[in-house]
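S.K.: Please see the structure below; I have some questions.
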Amino acid sequence: MTLASVFGSITIAFGFAVVGLLINYILMNLPFYHRLSHLNFVKSDKANKYLGVLYFRQMLITSFWRHFNPKIKITGRATRDELLNLRKEMTYAEISHLVAFICVLAVAAFAYRYKPHNMAVVPLLISNVLFHFYPALVQQYNKRRLDVLLTRIKK
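Numbered by the numbering used here, the letters in the sequence shown go through residues 51 to 205 in order.
See the structure below:
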């Protein structure tokens with residue numbers, strides 16, 4: 051495993067982030083998108099803590115990554131409409147990450163299928179989990195917290 055394969059894997063992961071955004075833009079207009087917006091892989095707080103989702107979330111909040119999507123931010127006291135819009139943006143980010151995760155997973159499977167001795171797949175899978183799967187889990191965690199808040203706020 052060389053440094054080039056590590057940086058190549060990171061580049062592929064970032065490149066597929068754009069693919070995820072584009073595919074998600076197409077998916078938004080399909081009838082099953084509403085069902086996608088209510089996905090929950092990890093439902094319990096205990097499981098989130100065990101998987102390290104809360105630590106990853108804290109790392110995102112305290113690093114430069116927090117500036118990456120300024121639409122996913124609450125400043126001050128938000129209205130119900132602002133919270134609903136925030137949830138919509140979180141869903142868009144989550145599904146984009148999941149689509150990118152699946153695409154990179156397909157690339158990794160293809161690469162491993164045709165060159166099983168090539169260990170470049172390992173950094174690709176690691177960068178895929180770090181750049182796509184964990185951010186999607188963080189979005190799901192934040193959406194669940196936001197849903198609790200939205201149920202408390204009556205229209």
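Note that the Cβ used here is the ideal one computed from N, Cα and C, for glycine as well. These numbers come from a predicted model, not from an experiment.
Closest to leucine 89 by CA distance: which of Thr201, Gln189, Ala156 and Phe118 is it?
M.R.: Of the candidates Thr201, Gln189, Ala156 and Phe118, the one whose C-alpha sits nearest the C-alpha of leucine 89 is Gln189.
S.K.: Which ranges would you report for the alpha helix (DSSP H) in the stretch 73 to 109 if only whole runs of at least 4 residues count?
M.R.: The qualifying runs are 83 to 86 and 95 to 101.
S.K.: Could you check if lysine 193 is buried or exposed, using at least 16 other CB atoms within 10 Å of its CB as the buried criterion?
M.R.: The residue in question, lysine 193, is buried, as its Cβ has 16 or more Cβ neighbours within 10 Å.
S.K.: What whole-angstrom Cβ distance do isoleucine 60 and serine 146 have, given they're in contact under 8 Å?
M.R.: In fact, because the Cβ distance is near 18 Å, the residues do not count as touching under 8 Å.
S.K.: Once DSSP output is grouped into helix, strand and coil, what is the label at asparagine 192?
M.R.: Helix at asparagine 192.
S.K.: Around the Cβ of phenylalanine 160, are there at least 16 other Cβ atoms within 10 angstroms (buried) or fewer (exposed)?
M.R.: Phenylalanine 160 is exposed by the Cβ-count criterion.
S.K.: Give me, in chain order, the residues of the same chain whose beta-carbon lies closer than 7 Å to that of asparagine 74; leave out the 5 immediate sequence neighbours on both sides.
M.R.: Contacts found: Tyr142, Ile145, Ser146 and Val149.
S.K.: With a threshold of 16 other CB atoms inside 10 Å of the CB of valine 171, please say whether the residue is buried or exposed.
M.R.: So valine 171 ends up on the buried side.
S.K.: DSSP three-state label for asparagine 119, please.
M.R.: Looking at asparagine 119 - three-state DSSP - the assignment turns out to be coil, as it is neither helix nor strand.
S.K.: Restricting to Cα atoms, I'd like to know which of Ile122, Ser87 and Phe66 is closest to valine 179.
M.R.: Comparing Cα positions, the closest option is Phe66.
S.K.: Looking only at C-alpha atoms, which of Lys165, Lys204, Tyr184 and Arg195 sits nearest to tyrosine 100?
M.R.: Of Lys165, Lys204, Tyr184 and Arg195, the residue nearest in Cα terms is Tyr184.
S.K.: First and last residue of the alpha helix (DSSP H) that includes valine 154?
M.R.: Its alpha helix (DSSP H) spans residues 130 to 164.
S.K.: Closest to leucine 200 by CA distance: which of Asn98, Gly102, Lys138 and Pro120 is it?
M.R.: It is Lys138.
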